[in-house]
Amino acid sequence: VERTTRRGAMELLPASSEALVQTPIEPKLFFANERTYLHWMHACVTLASVAMALTAASSAQTPYSLAAGIILSFASIGLMGYAYWTFNWRASRIAERAGKRADDPLGPALLSGVLIAAMVAAAVCTLPKAL
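Residue numbers for the sequence shown follow full-length UniProt numbering, so the first one is 1 and each next one is one higher.
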């Protein structure tokens, strides 16, 4: 079934009697997704800064700070990858307008576990230096 739009373009409609109704996407959804992404990036930069400080503070006699810095650097890189993937996934969900859930119930819990493990590993690596 074809129909002419206001601008004179031809548009194909589904053959069924139900017409697809496209609701407009509010810009605040995209802005909220971007804002969340920027918050995650801020956390990544903070974690990477701590990692670089630990790496810079290491010396040849005490490689523990270097190990802790490397562990936290990899955790920061993983967090950046997760944030970017989630941003794109949510943006595609919003653009689809399918009404599907755009939250990730498993990701933050898993990510928190990875960050806790990285912080514990960094603490264990620097503990012998303090003693």
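Cβ coordinates follow ideal geometry from the N, Cα and C atoms, glycine included.
Original post:
How would you label L79, buried or exposed, when you count the other beta carbons within 10 angstroms and need 16 or more for buried?
Top reply: The residue is buried, with at least 16 neighbouring Cβ atoms inside 10 Å.
**OP:** Please confirm whether residue 208 and I25 have their CB atoms less than 8 Å apart.
**Re:** In the structure as shown, the chain begins at 1 and stops at 131. Residue 208 is therefore absent and cannot be evaluated.
Original post:
For G81, which of helix, strand or coil comes out of DSSP?
Top reply: Reduced to three states, the DSSP call for G81 is helix.
Original post:
What are the complete alpha helix (DSSP H) segments, minimum 4 residues, inside the segment 20-72?
Top reply: Counting only runs of 4 or more, we get 27-57.
Subject >> Residue from S58, D103, L72 with nearest C-alpha to L66 >> reply: It is S58.
**OP:** Taking 8 Å as the cut-off, decide whether the C-beta atoms of L54 and A43 are in contact.
**Re:** For L54 and A43, no; Cβs fall outside 8 Å.
**OP:** Give the straight-line distance between the Cα atoms of S17 and K100, rounded to the nearest whole angstrom.
**Re:** Any reading at S17 must be qualified, since the residue scores a pLDDT of 48, below 50, and its modelled position is unreliable; no value is offered.
**OP:** With a 10 Å radius around its C-beta and 16 neighbouring C-beta atoms as the bar for buried, classify N33 as buried or exposed.
**Re:** So N33 counts as buried.
Original post:
Does the beta-carbon of W40 have 16 or more other beta-carbons within 10 angstroms, so that it is buried, or is it exposed?
Top reply: The residue is buried, with at least 16 neighbouring Cβ atoms inside 10 Å.
Subject >> Coil, strand or helix - A123 by DSSP >> reply: DSSP, reduced to helix, strand and coil, places A123 within a helical segment of the structure shown.
Subject >> Cα-Cα separation between A75 and A98, rounded to whole angstroms >> reply: Going by C-alpha positions, A75 is about 33 Å away from A98.
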